[in-house]
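Numbering (my numbering), first residue to last: 61 to 168.
Next comes the structure, spelled out in structure tokens:
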């Protein structure tokens, strides 16, 4: 079936992920986890999302203010949302599809 997404057609999610998984951008922090940083300036937002989606322990990610580099949060840490919006915004893994989220494969 041609869905206009040929370059991504062969990509497969790990068994721990579903196409219904999304990342929603939220202000807040992961309890007890300072994150894992990859300062590689050539890593884009979509690269960082791919890195997190392929890591079964990854629960969220963000990139620096220039839109490069990658910080991930792992090990099933609880996300504490900051409704004031004062805390750094992160893409947080959620299972239910939401119109606000970025789905795996949205980059196609």
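Cβ atoms here follow ideal geometry from the backbone N, Cα and C, with glycine treated the same way.
Checklist entry - Should residue 76 go down as buried or exposed, given a rule of 16 or more other Cβ atoms within 10 Å for buried? => result exposed
Checklist entry - Roughly how many angstroms separate the alpha carbons of residue 124 and residue 91, rounded to a whole number? => result 20 angstroms
Item to check | Beta-carbon contacts of residue 86 that lie in its chain and below 6 angstroms, excluding the five residues immediately before and after | outcome: 141 and 152
Item to check | Cβ-Cβ distance between residue 139 and residue 88 below 8 angstroms | outcome: yes
Next on the checklist: Check this for me: beta carbons of residue 99 and residue 129, under 8 angstroms apart or not?
Outcome noted: yes
Checklist entry - Among 132, 127 and 107, which has the Cα closest to the Cα of residue 118? => result 132
Checklist entry - Alpha carbon to alpha carbon, how far is residue 109 from residue 103? => result 10 angstroms
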